[in-house]
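To start, the structure under review is shown below, and the notes come after it.
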Amino acid sequence: MAQTLAFFGSRRIYGVGGDFAANLISAFEDELDICPSSNEMHAGFTACGQAEVEGLGVCLTTYTVGSLPCVSAAALALTEKLPVVFISGAPGENEINHMALHHTVSSCSTWRSEYDAALESFKALGIRSERLQGERNPGQPNVAGEHFFRLVAHAFLNKEPVFIEVPRDLVADKTQAIEFPPSLCQLPQEVFLLKGVSLVAQQVVAKLLAANKPLLYLGEKAKLNKELLAVVKRFCHQYQIPYTTTWFAKGVLDEFEPLSLGAYNGVFTDEQVRDYIENEVDYVLEVATSIYQLDTNTAFDTGTHLLNDFENKTILKGTSQLEKDLIGIFEQLLAADLPVFDFTSPTSTGGELFADEKIDFHNLTRVLNSLQSLDQRAYVYFPEIGNSYFASYSLKTRMSSLGRSWITNPWYAAMGTSLPYARAACKQLQQLGGKKTATGKDVAVVITGDGGFNFQLNDLIHFLRDDLSVIIIYMRNDIFHLGKNSDAEIYHCSDKNFDVISLVKAYGGEGKRCTTVAEFRDYFSACADANSGIKLIEVPASLEEQYQCREISLLNLYIKARNGIPQAVIDWNEIKR
Numbered sequence: 004m005a006q007t008l009a010f011f012g013s014r015r016i017y018g019v020g021g022d023f024a025a026n027l028i029s030a031f032e033d034e035l036d037i038c039p040s041s042n043e044m045h046a047g048f049t050a051c052g053q054a055e056v057e058g059l060g061v062c063l064t065t066y067t068v069g070s071l072p073c074v075s076a077a078a079l080a081l082t083e084k085l086p087v088v089f090i091s092g093a094p095g096e097n098e099i100n101h102m103a104l105h106h107t108v109s110s111c112s113t114w115r116s117e118y119d120a121a122l123e124s125f126k127a128l129g130i131r132s133e134r135l136q137g138e139r140n141p142g143q144p145n146v147a148g149e150h151f152f153r154l155v156a157h158a159f160l161n162k163e164p165v166f167i168e169v170p171r172d173l174v175a176d177k178t179q180a181i182e183f184p185p186s187l188c189q190l191p192q193e194v195f196l197l198k199g200v201s202l203v204a205q206q207v208v209a210k211l212l213a214a215n216k217p218l219l220y221l222g223e224k225a226k227l228n229k230e231l232l233a234v235v236k237r238f239c240h241q242y243q244i245p246y247t248t249t250w251f252a253k254g255v256l257d258e259f260e261p262l263s264l265g266a267y268n269g270v271f272t273d274e275q276v277r278d279y280i281e282n283e284v285d286y287v288l289e290v291a292t293s294i295y296q297l298d299t300n301t302a303f304d305t306g307t308h309l310l311n312d313f314e315n316k317t318i319l320k321g322t323s324q325l326e327k328d329l330i331g332i333f334e335q336l337l338a339a340d341l342p343v344f345d346f347t348s349p350t351s352t353g354g355e356l357f358a359d360e361k362i363d364f365h366n367l368t369r370v371l372n373s374l375q376s377l378d379q380r381a382y383v384y385f386p387e388i389g390n391s392y393f394a395s396y397s398l399k400t401r402m403s404s405l406g407r408s409w410i411t412n413p414w415y416a417a418m419g420t421s422l423p424y425a426r427a428a429c430k431q432l433q434q435l436g437g438k439k440t441a442t443g444k445d446v447a448v449v450i451t452g453d454g455g456f457n458f459q460l461n462d463l464i465h466f467l468r469d470d471l472s473v474i475i476i477y478m479r480n481d482i483f484h485l486g487k488n489s490d491a492e493i494y495h496c497s498d499k500n501f502d503v504i505s506l507v508k509a510y511g512g513e514g515k516r517c518t519t520v521a522e523f524r525d526y527f528s529a530c531a532d533a534n535s536g537i538k539l540i541e542v543p544a545s546l547e548e549q550y551q552c553r554e555i556s557l558l559n560l561y562i563k564a565r566n567g568i569p570q571a572v573i574d575w576n577e578i579k580r
């Protein structure tokens, strides 16, 4: 199992120990880096982050009490098409009988013992789930090693999670030996190619020859496919075709390049970019977008996402394994006789910044963008679900050594992923840059509200233990602000007496409360230059409308309108109109 994971490029496992997993841990510990997590859900989330930056994530837990808390992370991995291998210890083959073992999901009223609760829970999400087994009779070989390889290959090739239970009494058993392929490129894959690739390419060429201002619109299915991203970038550069991404694909292409128009999402898009896309573009090549429409990705079904209904458009969804069909089309397009287009990027200043003005959500991204524009290091952003997430869409990202500079879950999973994601990425950055990430290397930046931070702050112990470097921008308003219709007690997530800077000091870090643009800019620059340990910037965030960024204001109004608040319905319809 360790050799298989290493073959697929993974030498780290995130998890929490337990009795049914103890034999697995003992078997792995001399061959793999087994990283502890503060709880099982965070182990799963960190493995999701690992998959985002390394190409494969691995999570190890014990039977049911350990694996069932990972279901939220497994749902996230399924939604985000992340290859995550969830491994769980399980009762031994010789323990399966009429006895309800500890951790078994069985009540005192049941008439039978249920051993498959975790397997069935993961299967219910549509995740391939299996329990490895050894020989059941003396003449039957133990093929657990082969099955494990197939399951990991399935996750890797199809970019989706798998769940594997390993009976604890089989860990040391001999299994039928397998010989790995020479490289990942020679894994058993789909051997067929869809017919008509040349015809599709010819259609795109004909459309481009008739266009004056084409646009490439890239979707989230491309984000973990380095080969596809590379050929798309070559295509855009060769013919000087500008590109925009869906919200979920933000950051997979360098947003500081002249051809980048950032992320498009209808009414939520920067006004100058939206005006260019909706009023000047005359042909759209849509690539690798979701098969099934996702409302967060399409302006929440507001009717303002005009690329959905753009009349002159070619849609290339990609249905082949590893998007080989899309890669084949672009290889033909690169060999076509096409003109080089004349493109001038629309300018967007975002407004002037004053040193003594209040720092808050309304200008946070402008300050960070101004700092990033002057810094050749890439800031790798990890926004937490909530106001921080939606504000982050105005960030302009520079390509990092990770191949991504904006890594988050897309509002379809639980809050509490930004620190686990950052931990996995910081481990990779540490590996790329030596034991301590030196000045001049990429800078990890978590942006979180106090609610999201309280979900996950126990993960800071692992930043301390692993000597990881991160800047945490802590937007403090002591309440869950996004999507609320009232000030009910349930929305209050913190207390004004909570001393977050003292907390960070307990984890070996330091922090400062910044209230003005100048204070924030100076302290952030100092933290980025030091690029060592945990640094926290506390920003008092106001609930007043004037201090909300455009995306948050629009989204709160939209949610109120969908909840039937009369004035919000009127105001939202006016914005749509």
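Numbering (the numbering used here), first residue to last: 4 to 580. Where a beta carbon is used, it is the ideal one built from N, C-alpha and C, also for glycine.
| Query | Result |
| --- | --- |
| Beta-bridge partners of C38, as assigned by DSSP | Y17 |
| Contained alpha helix (DSSP H) runs [length at least 4] in the segment 182-245, N- to C-terminal order | 200-212, 229-242 |
| Residue from G536, V473, A77 with nearest C-alpha to A428 | V473 |
| Any 3 or more C-beta pairs closer than 8 Å across the segment 401-420 and the segment 560-575 | no |
| Alpha carbon of N372 to alpha carbon of P185, nearest angstrom | 44 Å |
| According to DSSP, residues forming a beta bridge with G514 | L539 |
| Endpoints, the beta strand (DSSP E) within which I450 is located | 446-452 |
| G60 - partner residues in DSSP beta bridges | V87 |
| Start-end ranges of the beta strand (DSSP E) lying completely within the segment 311-380, minimum 3 residues | 316-319 |
| Chain-order list of residues whose beta-carbon lies under 6 Å from that of D273 (same chain, five-residue window excluded) | S351 |
| According to DSSP, residues forming a beta bridge with R134 | E168 |
| Host alpha helix (DSSP H) of V572 (start-end) | 569-579 |
| Buried or exposed (CB count within 10 angstroms, at least 16 for buried), S391 | buried |
| Outcome for Y382 when other beta-carbon atoms lying within 10 angstroms are tallied against a minimum of 16 | buried |
| Where M478 sits in the DSSP three-state scheme | strand |
| C-alpha gap between K438 and I568, whole angstroms | Below a pLDDT of 50, predicted positions are generally treated as unreliable, and K438, at 40, falls in that range; no measurement from the model is reported. |
| In DSSP terms, what F385 is bridged to | V449 |
| Cβ pair G419, F89 closer than 8 Å | no |
| Contact the segment 283-293 vs the segment 209-227: 3+ CB pairs below 8 Å | yes |
| Nonlocal neighbours in the same chain, by C-beta distance under 7 Å from S124, ignoring five residues either side | L71, V74 |
| CA-to-CA distance, I504 to S535, given in whole angstroms | 17 Å |
| Exposure label - L336; buried when at least 16 CB within 10 Å | buried |
| Distance between L546 and D312 (C-alpha atoms, nearest Å) | 36 Å |
| The segment 536-555 contacting the segment 362-378, beta-carbon criterion three pairs below 8 Å | yes |
| Cutoff 8 Å; reference I280; Cβ partners in own chain excluding five residues on either side | L218, T247, L264, Y267, T272, L309, L310 |
| 8 Å Cβ cutoff, D172 in contact with chain C | Looking for chain C here will not work: only one protein chain is present. |
| Helix, strand or coil at H495 according to DSSP, with G and I counted as helix | strand |
| Beta-carbon contacts of V284 that lie in its chain and below 6 Å, excluding the five residues immediately before and after | K216, L218 |
| Beta-carbon proximity of T178 to N145, cut-off 8 Å | yes |
| Classification of C62 by the beta-carbon crowding that lies within 10 angstroms, buried from 16 upward | buried |
| Which listed residue (P245, N500, A9, E541) has its alpha carbon closest to that of F183 | A9 |
| For R14 and D462, the rounded distance between their alpha carbons | 21 Å |
| Short Cβ contact (8 Å threshold) for V542 with L356 | no |
| Close-in-space but distant-in-sequence residues of the same chain around A5 (CB under 8 Å, 5 per side omitted) | A30, F31, E34, L35 |
| For A252 and A121, the rounded distance between their alpha carbons | 32 Å |
| According to DSSP, residues forming a beta bridge with Y279 | Y279 is not bridged to any residue. |
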